[in-house]
Amino acid sequence: MWVMSMVSTKGGCGKTTLTAHLAVEAERVGAGPVAVIDADPQASLARWWNTRVAETPVFVQTTLADLPQRIAELRAASVRLVLIDTPGADVSHTRAIVRLSDLVLVPSRPSPLDLGTLGSTVEMIEAERTPLLFVLNAVTPRTRISTQAVMALSQHGPVGAVLHQRNDYAASMTDGRVASELDSSSKSAEEIATLWKHVHKHLRKSTSEDAAA
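Quick note on numbering: the sequence shown equals residues 530 to 742 in this note's numbering.
1. With a floor of 3 residues, list each beta strand (DSSP E) that falls wholly inside the stretch 536 to 619, ordered by position along the chain.
2. Within 10 angstroms of its Cβ, does threonine 669 collect 16 or more other Cβ (buried), or is it exposed?
3. Quick one: complete alpha helix (DSSP H) runs, 4+ long, within the stretch 638 to 702?
4. How many angstroms separate the CA atom of arginine 581 from the CA atom of leucine 574?
5. State the Cα-Cα distance for the pair phenylalanine 663 and leucine 647, rounded to the nearest angstrom.
6. For my contact list, histidine 685 and valine 651 are in at a C-beta cut-off of 8 Å; report their separation, rounded to the angstrom.
7. Distance, Cα to Cα, threonine 538 vs serine 709?
8. Secondary structure at histidine 709, three-state DSSP: helix, strand or coil?
9. By alpha-carbon positions, which one of Ser640, Ser534, Asp567 ends up nearest to valine 633?
10. How many Å lie between arginine 599 and alanine 606 at the Cα?
11. Please go through the same chain and pick out, in chain order, the residues whose beta-carbon is closer than 6 Å to the beta-carbon of phenylalanine 588, but skip the five residues on each side of it.
12. In chain order, what residues of the same chain lie with their CB nearer than 6 Å to the CB of alanine 549, ignoring the 5 residues before and after it?
13. Is it the case that the Cβ atoms of proline 639 and leucine 610 are separated by a distance below 8 Å?
14. Going by C-alpha distance, which of Asp567, Gln571, Ser735 is nearest leucine 661?
15. Hey, would you say aspartate 569 sits closer than 8 Å to aspartate 643, going by beta carbons?
16. With distances taken Cα to Cα, identify the nearest neighbour of leucine 629 among Glu657, Leu682, Ala555.
17. Since threonine 623 contacts valine 536 with CB under 8 Å, what's their CB separation in whole angstroms?
18. Helix, strand or coil: which one does DSSP assign to serine 735?
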């Protein structure tokens, strides 16, 4: 079983949206059962799941203190992937989750302000020796700043994908769905499918390296 957390100390970078979209995509391609955990006090992921009609992914209610035990229970129940949405500001809380993760996905918008806040996030993840993967999120198509942002991120780690600013990412979340469930042939659906392939590759790499260590 793999555990992946969405981490950034900057709010509004798309952690919840990515958690939901990747969970549904993983189920769609047969990488489930998938469980999602909302560790953010704002509970945006929980609200999304509560409005969802589909039975998957599974939502798991837990506390930070109980999280290791819940992960062990999910592993025993043959869950294959656990995705955790983390808070932005509570660094000690997030650090504990990073420690339990096989991979950390770090989303960022392409603005200099957002990119400038990533240093503390990267330092925290590296201190726990957990592999990370960047995602450039909410990018305006065909802009110079997106190319510069990819170059800046790649100095600190691999960049999994570039997701563009599209209305259906947020619109689909309002009633418990994701973009691919509105239109499976949409550009957003294609972007998430591409991102999942990168994520899956890095998850496999992280666990193979752990086994070899």
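All residues carry an ideal CB built from backbone N, CA and C; glycine is no exception.
With the given structure in hand:
1. 563 to 567, 587 to 589, 610 to 614
2. The residue is exposed, with fewer than 16 neighbouring Cβ atoms inside 10 Å.
3. 641 to 645, 647 to 656, 673 to 683, 696 to 702
4. 11 Å
5. 10 Å
6. In this structure histidine 685 is in contact with valine 651, their Cβ atoms being roughly 5 Å apart against a cut-off of 8 Å.
7. 28 Å
8. Note that residue 709 is serine in the sequence shown here, rather than histidine. Serine 709: helix per DSSP, three-state reduction.
9. Ser534
10. 10 Å
11. Val565, Trp578
12. Trp577, Val707
13. no
14. Ser735
15. no
16. Glu657
17. Indeed they touch by this definition, with Cβ atoms about 6 Å apart.
18. Helix, per DSSP.
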